[in-house]
Amino acid sequence: MAKNLYNKRFWYRLSRMTSKKPNRRRFLQAAGGMSVVGIAGCLGDDVDPDDDPLEDDNGVDDDDDDDTDEDAEYDISIGTSAGGTMDVGLAFEAAVSAESDMVNYATVESPGYVGTVRRLQQDAFDGGITDTNTMDKAQNHLDMFEEDPVDFLPWQGFLAFPYSIYIMAREDTDIQTFDDLAGASVYPAEPGYSTRATTLEVWSQEPTADIYEQMDIVDMDVSDAPGAMEEGRIDAAIAYGTPGVGNTGFVVEYDSRVDVRYVEHTDALVESVQGFAGAGFSRYENPVEDFNWGQDIDADEIISWDLNVTFAFHPDTPDEPVYELTRIAAEHGDTVRDAERRFTPSDTESAAAPTLSDYPIHPGAAEYYQDNDVWEDDWVVGDRDMVGDYVN
Numbered sequence: 001m002a003k004n005l006y007n008k009r010f011w012y013r014l015s016r017m018t019s020k021k022p023n024r025r026r027f028l029q030a031a032g033g034m035s036v037v038g039i040a041g042c043l044g045d046d047v048d049p050d051d052d053p054l055e056d057d058n059g060v061d062d063d064d065d066d067d068t069d070e071d072a073e074y075d076i077s078i079g080t081s082a083g084g085t086m087d088v089g090l091a092f093e094a095a096v097s098a099e100s101d102m103v104n105y106a107t108v109e110s111p112g113y114v115g116t117v118r119r120l121q122q123d124a125f126d127g128g129i130t131d132t133n134t135m136d137k138a139q140n141h142l143d144m145f146e147e148d149p150v151d152f153l154p155w156q157g158f159l160a161f162p163y164s165i166y167i168m169a170r171e172d173t174d175i176q177t178f179d180d181l182a183g184a185s186v187y188p189a190e191p192g193y194s195t196r197a198t199t200l201e202v203w204s205q206e207p208t209a210d211i212y213e214q215m216d217i218v219d220m221d222v223s224d225a226p227g228a229m230e231e232g233r234i235d236a237a238i239a240y241g242t243p244g245v246g247n248t249g250f251v252v253e254y255d256s257r258v259d260v261r262y263v264e265h266t267d268a269l270v271e272s273v274q275g276f277a278g279a280g281f282s283r284y285e286n287p288v289e290d291f292n293w294g295q296d297i298d299a300d301e302i303i304s305w306d307l308n309v310t311f312a313f314h315p316d317t318p319d320e321p322v323y324e325l326t327r328i329a330a331e332h333g334d335t336v337r338d339a340e341r342r343f344t345p346s347d348t349e350s351a352a353a354p355t356l357s358d359y360p361i362h363p364g365a366a367e368y369y370q371d372n373d374v375w376e377d378d379w380v381v382g383d384r385d386m387v388g389d390y391v392n
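All residue numbers for the sequence shown refer to our numbering, where the first residue is 1 and numbers rise by one.
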């Protein structure tokens with residue numbers, strides 16, 4: 001697997017070398033960011049759901065001083081965790097190389113979504129790929145940020161891709177609806193996974209908290225979960241993936257080994273999802289096709305709570321390159337998808353889709369959205385004179 005990641009990087013780097021020249025300057029000091037290359041998955045409080053430990057230490061040097069554009073105005077480094085997130089980050093880097101003469105974009109490996117927020121505090125990157133749940137926690141001093149809060153927030157940019165999460169049960173159980181999960185052995189993914197944290201936080205909201213408190217939550221490595229389902233030790237497990245691309249991780253494995261069905265959502269579950277600021281809400285009317293199931297899951301419609309993986313930026317990163325990157329995300333999503341199908345934005349509305357209310361949006365991204373008539377009254381443009389004030 002490390003070889004596959006190396007090959008992906010090689011071709012992305014080659015695409016930059018054939019269309020770009022060498023670099024001139026970097027806005028923030030990237031040296032701090034370079035020090036984390038090869039250790040993603042070993043630091044931080046979360047795990048990219050697609051991380052593969054075999055891909056974490058691949059021996060690839062991300063210092064690209066000899067393949068960037070001497071004439072570009074801005075050198076921008078983006079912290080990116082390993083696995084599927086790295087694939088998206090590298091694909092976006094290739095798109096920037098193809099579509100912009102303003103920005104030299106460098107992907108720097110970073111230790112997970114939480115770790116990326118921490119590294120931005122150290123001025124290691126100009127921006128990073130994280131998720132809206134982590135950003136919401138950072139703003140409100142929750143979970144891993146309760147005892148070790150941040151001094152300032154990464155400012156919102158644009159969507160990278162969602163992980164849509166839902167719940168499946170073994171077909172040979174009596175579980176039909178979410179309420180039937182009370183007393184069942186339920187697997188919400190491996191401890192440390194962002195999908196798990198988001199799931200448990202959704203379930204712990206009112207009015208589903210009473211069902212959640214009665215669940216027997218299973219702690220287990222994802223590599224062991226399909227076998228445990230096959231043996232009957234797990235009654236129900238989350239599934240997650242990117243719509244139009246398919247399920248990912250251990251879900252693909254248990255799909256091939258275990259007969260499962262969708263656990264029908266209740267009004268209470270819908271209310272819990274919609275009431276939780278750290279997750280999005282979606283409905284899918286063709287879930288088998290949307291998530292590439294290999295079996296009938298006994299559902300014509302499903303709902304999901306979405307872990308929105310997003311590009312965010314250091315408050316000091318200049319507006320012009322952030323505007324340019326937002327433009328590329330909104331107008332050249334097809335170029336990104338040529339290299340990685342998971343990248344989601346196809347227009348301005350979808351690029352802005354995961355925006356949190358009452359949380360700062362980087363002025364560069366905000367200007368692009370406003371120029372294209374995409375703006376909501378409860379969105380906040382980040383003010384550099386108030387950087388620390390956005391942390392509650």
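Backbone N, C-alpha and C define an ideal beta-carbon position, used for all residues, glycine too. Computed from a predicted model, the values in this text were never measured in an experiment.
For this session: Would you mind giving the Cβ-Cβ distance between residue 313 and residue 127, rounded to the nearest angstrom? I have them listed as a contact below 8 Å.
Result: 4 Å
Problem set entry | In DSSP terms, what residue 280 is bridged to | 306
Exercise. Among 148, 124, 154, 146, which has the Cα closest to the Cα of residue 135?
Worked result: 154
For this session: Evaluate residue 261 with the Cβ neighbour count: other Cβ atoms within 10 Å of its Cβ, from every protein chain shown; 16 or more gives buried, anything less gives exposed.
Result: buried
Problem set entry | Under 8 Å between C-beta atoms of residue 387 and residue 149 | In this structure, residue 387 sits away from residue 149, with a CB-CB distance that is not shorter than 8 Å.
Exercise. Helix, strand or coil for residue 260 per DSSP?
Worked result: Assignment of residue 260 by DSSP, reduced to helix, strand and coil, places it in the strand class.
Exercise. Pick from 375, 360, 365: whose alpha carbon is nearest that of residue 385?
Worked result: 360
Exercise. How many whole angstroms separate the CB atoms of residue 354 and residue 381, which I take to be in contact at a CB cut-off of 8 Å?
Worked result: Actually they are not in contact, since the Cβ atoms of residue 354 and residue 381 sit about 17 Å apart, beyond 8 Å.
Exercise. When you compare only the Cα positions, how much space is there between residue 198 and residue 340?
Worked result: A direct Cα-to-Cα measurement between residue 198 and residue 340 gives close to 24 Å.
For this session: Inspect the CB distances between the region 331-338 and the region 102-116 and report whether three or more fall short of 8 Å.
Result: no
Exercise. Do you know whose CA, among 86, 99, 84, 74, lies nearest residue 334's CA?
Worked result: 99
Exercise. Buried or exposed: where does residue 327 fall if 16 or more other Cβ atoms within 10 Å of its Cβ makes it buried?
Worked result: buried
For this session: Can you give me the start and stop residues for the beta strand (DSSP E) that residue 170 sits inside?
Result: 155-170
For this session: Mind listing, in chain order, the continuous alpha helix (DSSP H) runs of no fewer than 4 residues lying wholly within the region 79-144?
Result: 84-99, 112-121, 132-140
Exercise. Under the DSSP definition of a beta bridge, which residues are partnered with residue 312?
Worked result: Answer by DSSP bridge pairing, in chain order: 128, 156.
Problem set entry | C-beta contact flag for residue 323 and residue 254 at 8 Å | no
For this session: Below 6 Å CB to CB, which residues in the same chain sit around residue 320 once its five sequence neighbours on both sides are set aside?
Result: Closer than 6 Å at Cβ, skipping near neighbours: no residue.
For this session: Spatial neighbours of residue 73 within its chain, please: CB distance less than 8 Å, with the 5 preceding and 5 following residues excluded, ordered by chain position.
Result: Once the five neighbours on either side are set aside, the close Cβ partners of residue 73 are 102, 103, 320, 321.
Exercise. When you compare only the Cα positions, how much space is there between residue 435 and residue 186?
Worked result: Summary: the structure shown does not reach residue 435, with the chain confined to residues 1 through 392, and so no result is reported for it.
Problem set entry | Reduced DSSP secondary structure (H/G/I, E/B, other) of residue 177 | Looking at residue 177 - three-state DSSP - the assignment turns out to be strand.
Problem set entry | Cα-Cα separation between residue 138 and residue 145, rounded to whole angstroms | 6 Å
Problem set entry | residue 394, DSSP secondary structure in three states | Because the chain here runs from 1 to 392, residue 394 falls outside it and cannot be looked at.
For this session: Determine, using beta-carbon pairs with one atom in the region 278-296 and one in the region 175-191, whether at least three such pairs fall under 8 Å.
Result: Counting Cβ pairs under 8 Å, fewer than three are found: no touch.
Problem set entry | Residue range of the unbroken alpha helix (DSSP H) whose run includes residue 218 | No alpha helix (DSSP H) holds residue 218; DSSP gives it neither H nor E.
Exercise. Would residue 156 be called buried (16 or more neighbouring beta carbons within 10 Å of its own) or exposed?
Worked result: buried
Exercise. Who are the near neighbours of residue 107 in its chain, counting only those whose CB is closer than 7 Å to its CB and skipping five residues on each side?
Worked result: 62, 78, 80, 89, 90, 93
For this session: Please report how far the alpha carbon of residue 376 lies from the alpha carbon of residue 266, in whole angstroms.
Result: 29 Å
For this session: Return the Cβ separation of residue 158 and residue 352 in integer angstroms, given the expectation that the two are a contact with Cβ distance under 8 Å.
Result: 7 Å
Problem set entry | Length of the line joining the Cα atoms of residue 167 and residue 195 | 12 Å
Exercise. Shortest alpha-carbon distance to residue 75 belongs to which of 125, 121, 179, 304?
Worked result: If we check each option's Cα against that of residue 75, 125 comes out closest.
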